[in-house]
Each structure stands twice: as C-alpha cells, then as structure tokens.
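Those letters in the sequence shown? Residues 5 to 368, by my numbering. To keep things clear, I will list the structure first and then write my remarks on it.
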Amino acid sequence: MPALPDIRAFAQRLERLDAQMASPDFFSDARRAATLSREHQMLSRLMELHGQFVRLEKDLSENRGLARDEAGDAELRALAQSEIPEIEARLEQLYREILVLMVPPDPSDSRNTIMEIRAGTGGDEASLFAGDLLRMYTRYAERQGWRVERMSASESEAGGFKEVAFLITGEDVYKRLKFESGVHRVQRVPVTEASGRIHTSAATVAVLPEAEEVDVHIDPAELEITVARASGPGGQGVNTTDSAVQILHKPTGMIVKCADERSQLKNKAKALTVLRSRLLERREQEERQKYAAHRKSQVGSGDRSERIRTYNFPQGRLTDHRINLTLYSLEDAVDGDLDPVLDALGDADMKERIEALTRQPTSA
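Okay, here's the thing in structure tokens:
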C-alpha cells in the first residue's frame, strides 16, 4: 500500500477555518457559512481518520515485531500474528476513505444547473431525440426531487426540439449531471420510416453550472440586445407583444435567445442567466483542460464535440463510450432511471482523481 499524500496542507486549512468560524460575523453570510461549515466537517473527518491510520500503522508495526520475536512468549506471539490480518484490512479501508476525502471537490458541484440540448445530425429524428432527452432528464430530476424550469426552446415541425434550455434546481444537481456534456447518439427505426430501416441520429447536450452575478462580470457595453415578436401557435398571448429577447455577447460571439415568457423583462433575465452560465462554463473548461494534461483520460471533460453515449433501441442497449459501460436497461434509462450510469461515471472520475492524488508528495 503506497504512502498517503502529505496531510499538512489539510491540517493548516482546518486551522484557518477554525479561526474564521470563531469570528463573531461568521454567520453574516449564510451561504458562505454553510459552505465553509461543510468543508470544516469534511476536514475534521479527514484528520480523525488520518489519526486512526497513524495509530493502526504503529499497532501493525508492533504486532509484526512481536510475531517475529521467537524468544518471546509463544502465546503472545500467536495472538499478535492473529491480529495482523484484521489490522491490515482496516488500514486498507482507512486508506481508501482518506484518499476520497483528500480529493479536491469541484467548486461547482453544489450549484444548480442549466442544460442545453440541441438536435444534431439526423433531421426530424434528431429533433425528436432531443425531445426524448429532455423528457429523460426531466423525469430523472423528478425522481431526485429537483425543480425544472424551461429557459428557452425552439420546437421543430416534427414535434421535437431544434434546441431547448432548462434550469434544474436542487441539491448537488451539477455534481450528478456534469458528465452528461457531449454528443448523445441514438440508433432506432424512426416513426417516419416505412421500410423499418434503423437510422442513426444525434443530439448535443451541454451542462452548465448556474452562475451568479458575482461569479461572472458582464459589461453592459459588451452586449447587443434586440427584441422581437415571439413566435408561437396562433392565439397565444406570447406572440402578441415584442417580448422575445436576443443577447449577443460581443467579446465571445455568444448568442442567447429567450422567448418563453410573455414579459420582455423576464426573458431578458433568463437570457442573462444562460449567458452568465455559459461564460462560467467556458472559464471552468479552460481550467479543466489545464488539469486534464496530467490525467490519462477525461471522464468529465465537458467536451460537447465528444461522442459519449449511444442509445440502441433495437437491442435495448445503452453504452457509455468513456468508461466502456454497457447496460441492457435502455427503457428504464430513458424513463429517468439514470443512477446506474451516473454512479459509474462518478466512480470512474473519482478513481482518476485518486490516482492523480497518489502521485503527489507523501506525508513526511
């Protein structure tokens, strides 16, 4: 078993948090206090387990010494030898638990999430698949007790979506869904296919941690905002006023459109929320790419051009290509039972992070 990474930085961070939490104004910012309290709890647990690990290492060394001492008491020697496997097993367990706690958390894990789904290759079938993905994530969110709010949508004539964006709010939303970014491919017989031939289509999913104004500064002078009459089915109030909003962020060329609300102000607010989240995701993607240079693979690369998953309906098969996972429970997955694949992706990412951590300097 390799030595543990250096614990001193974690101990120093815990000392700093102790000092901050003792300050009279610590709870003046409730959100910050909650975040730091969770970190303090994690670090306290880490130091507790590390202390147990050090004591058990000492016990193991003493037991091995007694077991080798042929001049000592035979009964004591046998007892020491019998305790060694149990101590070794407990050390292995503590080693894994400590490494998991030492892995730096993604600062966005606790954020709400904006998901954007766009139809790719495949025409009408791709737009129908985009609608299927929307329903899949909506049903998964319902299972988790999360709330889903439509931000913007462009429907296709076939009944699906050319593109759709929605906000999911709840506990650890981004932590669960961040690995969904990329190209999702579907293989099935389209409803419009008379000959029964299997078609392959695709849709692109982007997962953006919701950004707040304090996270991303947007200079109003860098925005070009235009309004227009929202399009929609005849007779709906949504298309009787100039409520649709389009925002162009000049420095990046990003364009966000929102027309779901009857209020121009609400559409503008939603569009700005999406824009901030895209800019935050862009910044974090740059950071991930720097980090990824030291990793063998990228389970959570967030690369939207990467084909990550195939949904094969004739075989009832779901395959995630990043971790070579194949499940024959496609019907359950598209009905919102995504935990098996999301759990596997989280485990694979944690394994990579632990491997990177164990290559760092060990404790003195």
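In this text, a Cβ means the ideal position worked out from N, Cα and C, and glycines have one as well. Keep in mind it's a predicted model, so treat the numbers as computed, not measured.
Which residues DSSP lists as bridging H253, in chain order:
Walking along the sequence shown from the start, residue 253 turns up at place 249. Paired residue(s): L227 and M258.
Roughly how many angstroms lie between the CA atoms of Y295 and S333, to the nearest whole one?
The count along the sequence shown starts at 1 and reaches residue 295 at position 291. The count along the sequence shown starts at 1 and reaches residue 333 at position 329. Confidence at Y295 is low in this model, with a pLDDT of 49, below 50, so the placement of that residue should be treated as unreliable; the coordinate-derived value is given next. For Y295 and S333, the distance between alpha carbons rounds to 34 Å.
In this structure, what does DSSP give as the bridge partners for V195?
Taking the first residue of the sequence shown as 1, we reach residue 195 at position 191. Bridge partners of V195: none, in fact.
Three-way DSSP call (helix, strand, coil) for R287 in this model:
Position 283 of the sequence shown holds residue 287. Three-state result, R287: helix.
For the candidate residues R280, V260 and R321, whose alpha-carbon lies nearest to that of D223?
Residue mapping note: residue 223 aligns to position 219 of the sequence shown, counting from 1. It is R280 whose Cα lies nearest to the Cα of D223.
N- and C-terminal bounds of the beta strand (DSSP E) containing A215
Position 211 of the sequence shown, counted from the first residue, corresponds to residue 215. Run containing A215: none; DSSP gives neither H nor E here.
Fully enclosed by the region 93-165, which alpha helix (DSSP H) runs are 4 residues long or longer?
128-148
Look at the alpha carbon of R201 and the alpha carbon of L284, and state the distance between them as a whole number of angstroms.
On the sequence shown, position 197 is the one that residue 201 refers to. On the sequence shown, position 280 is the one that residue 284 refers to. If I take the Cα positions, the gap works out to 42 Å.
Unbroken alpha helix (DSSP H) runs of length 4 or more, entirely within the region 309-338: which are they?
334-338
Take L171 and list the residues in its own chain whose beta-carbon comes closer than 6 Å to its own, dropping the five residues that flank it on each side.
The residue labelled residue 171 in the question sits at position 167 within the sequence shown. The residues are I118, E153 and M155.
M46 to P213 span [Cα, whole Å]:
Residue numbering aside, residue 46 sits at position 42 when the sequence shown is read from its first letter. Residue numbering aside, residue 213 sits at position 209 when the sequence shown is read from its first letter. Straight-line Cα distance between these residues: approximately 23 Å.
Which residues bound the alpha helix (DSSP H) around A352?
Taking the sequence shown and counting its residues from 1, one reaches residue 352 at position 348. Residues D343 to T362.
On the DSSP bridge assignment, give the partners of E167 in chain order.
Position 163 of the sequence shown, counted from the start, is the residue given in the question as residue 167. R122 and S158.
With DSSP as the reference, identify every bridge partner of H203, one or two as the case may be.
Against the sequence shown, residue 203 aligns to sequence position 199. According to DSSP, which records beta bridges pairwise, H203 is partnered with R192.
Closest by CA to R115, which one among R35, D128 and A75?
As a working mapping, residue 115 is identified with position 111 in the sequence shown. When only C-alpha atoms are compared, the closest one is R35.
In whole angstroms, give me the CA-to-CA distance for R266 and K272.
Position 262 of the sequence shown, counting from 1, holds the residue named residue 266. Position 268 of the sequence shown, counting from 1, holds the residue named residue 272. Those two C-alpha atoms are separated by around 11 Å.
Is F30 close to chain C? Criterion is C-beta to C-beta, closer than 9 Å.
Annotation note: the requested chain C is absent from the structure, which comprises a single protein chain.
If you drop the 5 nearest sequence neighbours on each side, which residues of the same chain put their C-beta closer than 6 Å to that of A123?
As a working note, residue 123 is residue 119 in the sequence shown. Cβ neighbours of A123 beyond the five flanking positions: A130, S131, A134, K166 and A207.
With 16 as the cutoff for other CB atoms within 10 Å, does K261 come out buried or exposed?
To locate residue 261, count along the sequence shown from 1; it is residue 257. Classification for K261: buried.
Reference L349; option with closest CA among N328, L105 and P255:
Working through the sequence shown from its first residue, we reach residue 349 at position 345. L349 has its Cα closest to that of N328, out of N328, L105 and P255.
DSSP three-state call for I172: helix, strand or coil?
Here the question's residue 172 lines up with position 168 in the sequence shown. In this structure, I172 counts as strand in the three-state DSSP scheme.
Any contact between the region 5-16 and the region 91-111? By contact I mean 3 or more CB pairs, one from each, below 8 Å.
yes
So what does DSSP say about L28, is it helix, strand or coil?
Working through the sequence shown from its first residue, we reach residue 28 at position 24. Inspection of the sequence shows that residue 28 is occupied by Pro rather than by Leu. Three-state result, P28: coil.
Considering just the uninterrupted stretch of the alpha helix (DSSP H) at K179, what are its terminal residues?
Here residue 179 refers to the residue found at position 175 when the sequence shown is read from its first residue. V177 to L181 is the span of the alpha helix (DSSP H), which, as asked, contains K179.
Suppose the cutoff is 7 Å on Cβ atoms and the five residues either side in sequence are ignored; what does the same chain contact list for S27 look like?
Locating residue 27 in the sequence shown gives position 23, counting from the first residue. Nothing listed; no residue qualifies.
Could you check the C-alpha separation between W150 and K62 for me, to the nearest Å?
Reading the sequence shown from its first residue, position 146 is the one you call residue 150. Reading the sequence shown from its first residue, position 58 is the one you call residue 62. In a straight line, the C-alpha of W150 is about 47 Å away from that of K62.
For D351, count neighbouring Cβ atoms within 10 angstroms of its own Cβ and tell me buried if that reaches 16, exposed if not.
Residue mapping note: residue 351 aligns to position 347 of the sequence shown, counting from 1. The residue in question, D351, is exposed, as its Cβ has fewer than 16 Cβ neighbours within 10 Å.
Just to confirm, are V249 and A169 a CB contact at a threshold of 9 Å?
Walking along the sequence shown from the start, residue 249 turns up at place 245. Walking along the sequence shown from the start, residue 169 turns up at place 165. Not closer than 9 Å, so no.
Under 9 Å, do V211 and S247 count as touching if we go by C-beta distance?
As a working note, residue 211 is residue 207 in the sequence shown. As a working note, residue 247 is residue 243 in the sequence shown. Their beta carbons are not under 9 Å apart, which means V211 does not touch S247 by this criterion.
One question on the structure: do H188 and I312 come within less than 9 Å of each other, judged by their Cβ atoms?
What you label residue 188 is simply residue 184 of the sequence shown in a count that begins at 1. What you label residue 312 is simply residue 308 of the sequence shown in a count that begins at 1. In this structure, I312 lies closer than 9 Å to H188 by Cβ.
If you draw a straight line from the C-alpha of I251 to the C-alpha of D128, how long is it?
By 1-based counting over the sequence shown, the position of residue 251 is 247. By 1-based counting over the sequence shown, the position of residue 128 is 124. So the two alpha carbons sit approximately 27 Å from each other.
To which residues of the same chain is D113 closer than 7 Å at the C-beta, ignoring the five residues directly before and after it?
In the sequence shown, the residue the question calls residue 113 occupies position 109. Counting only Cβ-Cβ distances below 7 Å, and skipping sequence neighbours, we find D176, Y178 and K179.
How many angstroms separate the CA atom of D22 from the CA atom of L80?
Within the sequence shown, numbered from 1, the residue matching residue 22 stands at position 18. Within the sequence shown, numbered from 1, the residue matching residue 80 stands at position 76. Looking at the two C-alpha atoms, the distance is approximately 44 Å.
Rounded separation between P380 and R363 - CA only:
The requested residue 380 does not occur in the structure, where the chain is confined to residues 5 to 368.
Cα-Cα separation, G126 to Q191:
Along the sequence shown, read from residue 1 onward, the residue named residue 126 stands at position 122. Along the sequence shown, read from residue 1 onward, the residue named residue 191 stands at position 187. So the alpha carbons of these two residues sit roughly 11 Å apart.
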